[in-house]
Each structure stands twice: as C-alpha cells, then as structure tokens.
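Input: a single structure, listed below in structure tokens.
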Amino acid sequence: MILLTSLTLILLLAILIPPTSPSPSPTSSDHDIQTLKHLKQFRTPSGFRQSMPKLIASVRKGPGKRDWVTMQYIAGGYHQMARKLNSAGGLEEEENQTLKLVVATYKMAESVYVDWLSLGEDDYPQLEYVMERTTVLRHWGDALKSLGMEDEAEMVWRKGVEEGLWKREMCRPEREVEVVGEGKWFYELEEVFETKVVERIRSSIEGVREEYVADVEAGRGPETWKKEEAGLHSTKSWSQLPLYVDGDRKTGVCDERYKKTCEVFGPKNFDGAAKGQVKFSVMEGNTYVRPHAGPTMERLRLHCSIVGAVGADSWIRVGNEKRRWDVGGCFVFDESCEHEVSITEVVDGGEYRVVLIADLANVFLKDFDDYREARWEGGGRLNRRVWEESQDKLLKRSGVEVPEL
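Under mature numbering (1 follows the signal peptide of the UniProt record, and there is no 0), the letters of the sequence shown match residues -22 to -1, 1 to 383, in that order.
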C-alpha cells in the first residue's frame, strides 16, 4: 500500500507541460538514444516504474514536447498505475487523479500524432517502439469511461471504427480478425458446440460441483484462492482458481483436486483457446466488475454456474444485453465485446457465486488457418472439410446472418 501511494504521488507531481507551438521535426540525437533506452526498459516486467520519471523528463525538453510515442508510453504507465490503485482498494481519489492524467496525456499525444505519423525511423527513431493503435484507443476510452465521461469514451472508440481497426465500437480487440456474420453478444451451447459436446458439458456440471464442494470441505475453498488483481474490481471479493492457462495444465490442481473437471474441459474433449483459460471464478455479494473489452476475438467465453444462486438484480452485461446465472446452466459470450458484472447478493448455496469459465476457440472465425491457430495444442488433428461442415451447421443453429457474396 505504501509503495502504491508513494509511486502515485511521484507520478502525480510529474505533470506534463502543455504542448507549445509546433517544433521542428526531430532528428537522431543523444536525447533520442536515451529516450529509446527508457522506452525499451518500459517494456520489461515492472519496468515502467523506473522508466516513467525519465520519460516524463524527456518530453519536458527539446523536441520531446512533440514526441507522441513517448507520450503514449507515459499515458500507458499512468493506466497501469490506475489499475493497481483500483486493485488495492480504498484509493479512489488517487485512482481518479491518475485516470485524469491518462486522459490528458493521450489527448496531448493525439494532438501531434498525425503530424509525425508519416515520418520514418531515420527521422523519428522512437517509431521502433510505437504502441499499437488499438491499445492506445482501448486504454484512453477505458479511462474516460471510468471517470464517467461516457460520450467522450465513445468518441475515442469511434476513432477505431473510422480507422478500420474495429467493426463495432462495443467490440474492441487488439486485432480484428475476420468472422462469418455479424456475431451476437450471447450464445446458447447448441449454437457453438456439436451436440455430443453440449451433452458432455451439461452432464458434467454435477461432477464439477462435487469436486468444488470436496475442495471447500478440505479447507481449500475460495478464501485460499488468488484475488483478481487486474484492476477490474476494488472490493477484493473476486477470486480465481486456474486449471488451464494458455493450454498449460495446472498439474497439481488437476490431478489432486479437479480430475473430472480437467478431463471434461481438457484438450481431448474441449476445443480450448490457445490464448485463454479454464478456471473457477468466485464472487461474493457486493462485487462489481467495471466495463471492459477482452483483448482477442479469437476466443469465446463459456460460463457455467456451479454453486450460488444470485439475487434478481445481479447480472452480466455484454454489449447491450444482460443475463443472469442459473445454477446448473451455461451460456457463451463474445469476450472481445464490452462486458461488466454486478453481483448484489448470493441468496442461496453459500456466500459465493461460483462459475466455471472455459475459453474456447471462436467457431465463427472465417479463415480455417485462423481457427487452427486459435485452438490449443493437443486438441487433435483438424480436417478443413469437417470444420466447414460443422461451422455451417452452427451458423444455422445460431441464426447469425451471413451476407451473400
């Protein structure tokens, strides 16, 4: 807590000087070399803590006042800091001040972004470390929305649509991938899985619940699990237990505690996402997860409610549609689209709402090779013709409209 607060104060004291009249185009210099060094350091784990003060100093002098790449990194550092403050809890004022710096710095960078966009690395060596445009717009818009500036956030995200980065303002992946049809916010199991997989998932819920209950009775319940620390909630009432991460099986957890669950949702029986997780997600009453959009559209996310009926005013929103969890029931949603969660209370089944989350390769990816790369290794060979036939069948079930060519 002391580290978070002291670091925030350092960042807040380092207010940027507003841009003056346009300065000449930059040229390679000792200034650039030092800035490149700090940009590289920023990319290392926790490197922003050491590099931020130096990057801030670099934009205070010389051509740095027009250095939009460095400004974007500074804004990114403030964004990381704001998330850490939110995760720590009880530092709302400090978080809001830091979010305001995120907004101000991205806005300043944007004011000179177009001026230097056409330069090459010989004239502007910082371009070697240019931040993805989608990352900039995601972070900038998220900060605005967290400050309650929803109209301004939508204007930022609209830039992504106008620049051809996204098709919908509500869905903001780091990289747009071609899919068939317009897509939906939520899907039923039958719309994304073959019948035998649907039956396997539904018939497994009771076994998953039994393993969870046994874990709790053995003293290894949610109170011992890791708290969510990505800065999406601030009440420390959201815990998770990973079973698979990016296809990596958590051997101890799977072999000793959740053997049946890991079998059903493992590579032999489930087309998991190469970049995704299978995990338990547990929330107490009075948990709120702020709106956010996942980084990739190469996966869809399955929720199966295992334990804990929630109140009538608890919900998950994806896009402009809301749903509730019914114990024993499952649904799938597009995690690359904006979603938020509100759990007001758990009314039956204990103090926790327990959901099994499983990320699956997006069955609506248009390109066969994209789908093959999106699914995790060990899932068996994939035949193009069989995949196409399966996708056609799922499209008809889901009612997703596919424009005629």
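C-beta atoms are modelled at their ideal positions from N, C-alpha and C, and glycine is treated no differently.
Only a predicted model underlies this, so the values are computations on that prediction, with no experimental measurement involved.
Identified DSSP bridge partners for residue i
i, result
"H281", "F309, I335"
"L343", "V157"
"V296", "E299, H317"
"A287", "D326"
"F26", "Per DSSP, none; premise fails for F26."
"F164", "F311"
"R146", "C149"
"R353", "A251"
Cutoff 6 Å; reference residue i; Cβ partners in own chain excluding five residues on either side
i, result
"V319", "V267, I294"
"E141", "none"
"E207", "S65"
"L167", "V176, C308"
"G138", "L115, W144"
"S182", "V242"
"G55", "F26, M30"
"V305", "S283, A287"
Alpha carbon of residue i to alpha carbon of residue j, nearest angstrom
i, j, result
"E276", "Q12", "38 Å"
"W163", "E299", "7 Å"
"V256", "G250", "8 Å"
"F171", "G161", "15 Å"
"N361", "H57", "43 Å"
"F346", "A196", "45 Å"
"K123", "K78", "11 Å"
"P4", "R44", "A caution first: P4 carries a pLDDT of 47, below 50, which makes its placement in the model unreliable, though a value can still be read off. Distance between the alpha carbons of P4 and R44: 8 Å."
"R117", "D129", "Before going further, note that residue 117 is His rather than Arg in the sequence given. Near 15 Å, if we compare the C-alpha coordinates of D129 and H117."
"M148", "V324", "29 Å"
"P(-1)", "A53", "Since pLDDT at P(-1) reaches only 42, below the 50 mark, its modelled position is unreliable, and the value read off the structure follows with that caveat. Answer to the nearest angstrom: the Cα atoms are 21 Å apart."
"P200", "L97", "52 Å"
"E316", "E154", "15 Å"
"F342", "L373", "8 Å"
"G272", "L125", "20 Å"
"K228", "G244", "11 Å"
"D233", "K344", "36 Å"
C-beta atoms of residue i and residue j nearer than 9 Å
i, j, result
"T113", "W144", "no"
"V191", "S259", "no"
"P103", "D10", "yes"
"R178", "V223", "no"
"G67", "S212", "yes"
"K238", "V285", "no"
"Y91", "W46", "yes"
"Y84", "A121", "yes"
"T274", "K246", "no"
"R198", "R150", "no"
Beta-carbon contacts of residue i that lie in its chain and below 7 Å, excluding the five residues immediately before and after
i, result
"K204", "S217, Q218"
"R279", "V310, F311, E313, I335, D337"
"S6", "A caution first: S6 carries a pLDDT of 48, below 50, which makes its placement in the model unreliable, though a value can still be read off. So the list reads P103, once near-sequence residues are dropped."
8 Å Cβ shell around residue i - same chain, five flanking residues per side excluded
i, result
"W365", "F346, Y349"
Short CB-CB distance (under 9 Å) between residue i and chain B
i, result
"G98", "The structure shown contains no chain B; it is built from a single protein chain."
Practice task
Would you mind listing the alpha helix (DSSP H) stretches within the region 198 to 274 that are 4+ residues and don't spill past its ends, in chain order?
Solution key: Taken in chain order, the complete alpha helix (DSSP H) segments of 4 or more residues contained in the region 198 to 274 are 229 to 234, 237 to 242.
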